[in-house]
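The structure appears right after this line, and notes come after that.
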Amino acid sequence: MSSIEANGKTYETDEEGYLADLNTWDKDVAAVMANIDDCELTDSHWEVINFLREYYEEYQIAPAVRVLTKAIGKKLGKDKGNSKYLYELFPYGPAKQACKYAGLPKPTGCV
Amino acid sequence: MAEETKKFMYINRKAPYGTIYAWEALEVVLIGAAFEQDVSVAFMDDGVYQLAKGQDTSGIGMKNFSPTYAALGDFEITKIYVEKESLEERGLTLDDLQHLVWEDEDEDWAEKDSIRLVSRAELGEVLAGQDVLFNF
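Protein sequence lines correspond, in order, to chains L and V.
Number 81 in the numbering used here belongs to position 88 of the first sequence; there are no gaps in the numbering.
Throughout, the numbering used here is defined as the position within the second sequence, counted from one, plus 7.
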């Protein structure tokens, strides 16, 4: 088991850096995870992260990237519901990277 | 769609809890959907209980994964067959099951029903038309 420090708190993660317990998530750990990847979280990032947390809350799974793209397009508009926009925000893969910052497990169907 | 697209059907025959089959099947369905095949899902025998409304697993220490069925539409799985005889034999009707829908992007996200109630004979025909069957 690995761990991440944020604001004096320790968060347990798996070997790929996903939070072991999604209930321990907060905005501080999301920002620290992003810093590790040299990524600074903007409002645009938070839009996607918050969307993912709501999706997981409702369906108990993280969406695959294709599903995420479509759902973001519906909720936030077509200019954001495309892979170009999402990959610019999350170059390591929108579903994988954004789910990590959102404290969710790695998405099902992520290969 | 690519030429190599195949018709995949996942058949669910077991009660949702007590064995891992139902949850594993759901995960396999979602993973399969990522490969953009023509996917459909069938529920028969005790498998129809997987779609039952109002599941509460707090007494058995298992995750209640029933909310995940509502995400199938997002994964573009829009053909969910439920066998009529299996429901009747268990004293169930469609009203006892979750109302599963998918949203048609081409029609301004109009909600459409995913569940198709079919007789045993009709389901047999659907099965015969598949390329690949997965039994859970």
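All residues carry an ideal CB built from backbone N, CA and C; glycine is no exception.
Since this is a predicted model, take the numbers as computed values, not measurements.
Beta-bridge partners of residue i, as assigned by DSSP
| i | result |
| --- | --- |
| aspartate 16(V) | Reading off the sequence, residue 16(V) comes out as methionine, not aspartate. Methionine 16(V) pairs with Ser47(V), Leu140(V). |
| tyrosine 52(L) | Its beta-bridge partners do not exist; DSSP assigns none. |
| glutamate 110(V) | Glu118(V) |
| alanine 29(V) | Paired residue(s): none; alanine 29(V) is not in a bridge. |
| arginine 123(V) | Tyr88(V) |
| serine -4(L) | Glu5(L) |
| leucine 12(L) | Thr6(L) |
| leucine 104(V) | Ala59(V) |
Check whether residue i and residue j have beta carbons under 7 Å apart
| i | j | result |
| --- | --- | --- |
| alanine 41(V) | alanine 57(L) | yes |
| threonine 12(V) | aspartate 45(V) | yes |
| glycine 96(L) | tryptophan 18(L) | yes |
| tyrosine 17(V) | valine 55(V) | no |
| phenylalanine 144(V) | tryptophan 109(V) | Nothing can be reported for residue 144(V): it is not among the residues displayed for chain V, which extend from 8 to 143. |
| glycine 74(L) | glycine 86(L) | no |
| cysteine 92(L) | leucine 15(L) | no |
| asparagine 19(V) | phenylalanine 143(V) | yes |
| tyrosine 52(L) | alanine 78(V) | yes |
| serine 121(V) | leucine 107(V) | yes |
Spatially closest choice to residue i from the options, by CA coordinates
| i | options | result |
| --- | --- | --- |
| leucine 37(V) | Gly131(V), Phe15(V), Asp63(V), Lys21(V) | Phe15(V) |
| threonine 7(L) | Asn16(L), Thr17(L), Ser(-4)(L), Asn0(L) | A quick correction: the sequence has aspartate, not threonine, at residue 7(L). That would be Ser(-4)(L), whose Cα lies nearest to the Cα of aspartate 7(L). |
| leucine 124(V) | Glu90(V), Gly61(V), Leu104(V) | Glu90(V) |
| alanine 24(L) | Tyr4(L), Asp14(L), Glu47(L) | Tyr4(L) |
| asparagine 28(L) | Gln90(L), Pro100(L), Ala13(L) | Gln90(L) |
| tyrosine 82(L) | Pro100(L), Asp31(L), Gln53(L) | The displayed chain sequence assigns leucine, not tyrosine, to residue 82(L). Of the listed residues, the one whose Cα sits closest to leucine 82(L) is Asp31(L). |
| glycine 66(V) | Asp53(V), Gly25(V), Arg97(V) | Gly25(V) |
| lysine 2(L) | Leu15(L), Val22(L), Asp14(L) | Val22(L) |
| alanine 117(V) | Gly80(V), Asp52(V), Asp53(V), Glu43(V) | Gly80(V) |
| proline 98(L) | Ala55(L), Ala(-1)(L), Ser37(L) | Ala55(L) |
| tyrosine 76(V) | Thr100(V), Leu99(V), Gln105(V) | Gln105(V) |
| leucine 130(V) | Leu107(V), Ser93(V), Thr100(V) | Ser93(V) |
heavy atom of the ligand NAD below 6 Å from residue i C-beta
| i | result |
| --- | --- |
| alanine 59(V) | By its list of ligands, the structure shown contains no ligand whatsoever, and the ligand NAD lies outside what it can speak to. |
Output the residue ranges of the alpha helix (DSSP H) runs that lie fully inside the region 39 to 85 of chain V and measure 4 residues or longer, sorted by chain position. none
Starting from the N-terminal side, write out each stretch of the alpha helix (DSSP H) that is 4 residues or longer and does not extend beyond the region 70 to 97 of chain L. 76 to 82, 87 to 94
Taking any Cβ of chain L, which residues in the region 73 to 84 of chain V have a Cβ under 7 Å from it, in chain order? Pro74, Thr75, Ala77, Ala78, Asp81, Phe82
Taking a Cβ distance cut-off of 9 Å, strictly less, list which residues of the region 41 to 73 of chain V are near chain L, in chain order. Ala41, Phe42, Glu43, Lys70, Asn71, Phe72, Ser73
Under 7 Å (Cβ pairs) to chain L, residues found in the region 114 to 132 of chain V: Trp116
For the region 19 to 39 of chain V, which residues have a beta carbon sitting closer than 7 Å to at least one beta carbon of chain L? Glu34, Leu37, Ile38
Using a beta-carbon distance cut-off of less than 7 Å, what residues from the region 41 to 56 of chain L approach chain V? Glu51, Tyr52, Gln53, Ile54, Pro56
Identify each residue in the region -3 to 21 of chain L for which the Cβ-Cβ distance to at least one residue of chain V is less than 7 Å, and report them in chain order. none
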